[in-house]
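Just so we're aligned, residue 1 is where the sequence shown starts under full-length UniProt numbering, counting upward by one.
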Amino acid sequence: MIGPVITGTTVVSPIMLIGQAPGDKEGVIGRPFGWTAGKTLFKWFASQGVDEERFREAVYIASVCRCFPGKNPKGGDRVPNKDEITNCRRWMDKEFALQQPKLIILVGKLAISQFLPVNKLTDVIGLKFEREIAGGQCTLIPLPHPSGASTWHRTEPGISLLQVALALLGEHPEWQRLK
Numbered sequence: 001m002i003g004p005v006i007t008g009t010t011v012v013s014p015i016m017l018i019g020q021a022p023g024d025k026e027g028v029i030g031r032p033f034g035w036t037a038g039k040t041l042f043k044w045f046a047s048q049g050v051d052e053e054r055f056r057e058a059v060y061i062a063s064v065c066r067c068f069p070g071k072n073p074k075g076g077d078r079v080p081n082k083d084e085i086t087n088c089r090r091w092m093d094k095e096f097a098l099q100q101p102k103l104i105i106l107v108g109k110l111a112i113s114q115f116l117p118v119n120k121l122t123d124v125i126g127l128k129f130e131r132e133i134a135g136g137q138c139t140l141i142p143l144p145h146p147s148g149a150s151t152w153h154r155t156e157p158g159i160s161l162l163q164v165a166l167a168l169l170g171e172h173p174e175w176q177r178l179k
């Protein structure tokens, strides 16, 4: 893992977004989803009536791992390993206890897999799940990773399932309060 640790704005919010880990540019920029994937992600959210500025000021952004895991020798960013995930999990557990989220947006397969069984994204994208998190009921809405390296959200059935997932997000009472 390569520092610095990257987290979103410190905000108390009933909504949390959880991604995989910062990319190589986020350490320089100092904020999560601050590069190419973020541009795509915030376009998705804008389609549901919440722009990037409003989202960043009102939603707690976290990640499974808090530091850039390094590059994959075959290209792209390396997926954090089980030890790295375990080492960072205590931070997320503390955040759940403090935030008491009512809505968690899970971005990408690694983040989704920390909460839901997932073999293929088609099994979870476009659905919402109710779970107990830190002693309270919470809605989980999985989204694909908005990476430019991924074609999943740009081809069918990903295009259609993403639209269903975004509509579920847009209908959630906590999301409605953001507008």
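Heads up, the beta-carbon is just placed ideally off N, CA and C, and yes, glycines get one too.
Helix, strand or coil at residue i according to DSSP, with G and I counted as helix
i      : result
Leu41  : helix
Thr36  : helix
Phe115 : coil
Glu156 : coil
Asp24  : coil
Lys85  : Note that residue 85 is Ile in the sequence shown, not Lys. Residue state, collapsed to three classes: helix.
Per DSSP, the bridge partner or partners of residue i
i      : result
Ser63  : Gly19
Ile104 : Met16 and Leu140
Ile29  : Ile29 is not bridged to any residue.
Arg131 : Cys138
Asp51  : Asp51 is not bridged to any residue.
Asp77  : Lys71
Buried versus exposed, by CB contacts within 10 Å (16 or more), residue i
i      : result
Ala46  : exposed
Gly19  : buried
Ala111 : buried
Pro144 : buried
Ala85  : It is worth fixing the name first, because residue 85 is Ile in this sequence and not Ala. Flag for Ile85 reads buried.
Lys109 : buried
Pro117 : exposed
Thr139 : buried
CA-to-CA distance, residue j to residue i, given in whole angstroms
i      : j      : result
Glu171 : Gln48  : 9 Å
Arg66  : Pro32  : 10 Å
Asn72  : Leu103 : 32 Å
Trp175 : Leu169 : 7 Å
Gln137 : Lys82  : 27 Å
Arg90  : Gln114 : 13 Å
Phe55  : Val64  : 19 Å
Ala62  : Pro157 : 28 Å
Glu57  : Pro80  : 27 Å
Thr9   : Leu178 : 16 Å
Asn87  : Glu26  : 20 Å
Thr40  : Asn119 : 24 Å
is_contact[residue i, chain D] using C-beta, thresh 8 Å
i      : result
Pro157 : In the displayed structure, chain D is absent; only one protein chain is listed.
Contact the region 9-21 vs the region 119-131: 3+ CB pairs below 8 Å
Here the region 9-21 makes no contact with the region 119-131; the two share fewer than three CB pairs at distances below 8 Å.
Is there contact here, the region 91-100 with the region 28-42, by at least three beta-carbon pairs under 8 Å?
With the cut-off at 8 Å, the region 91-100 and the region 28-42 do not touch.
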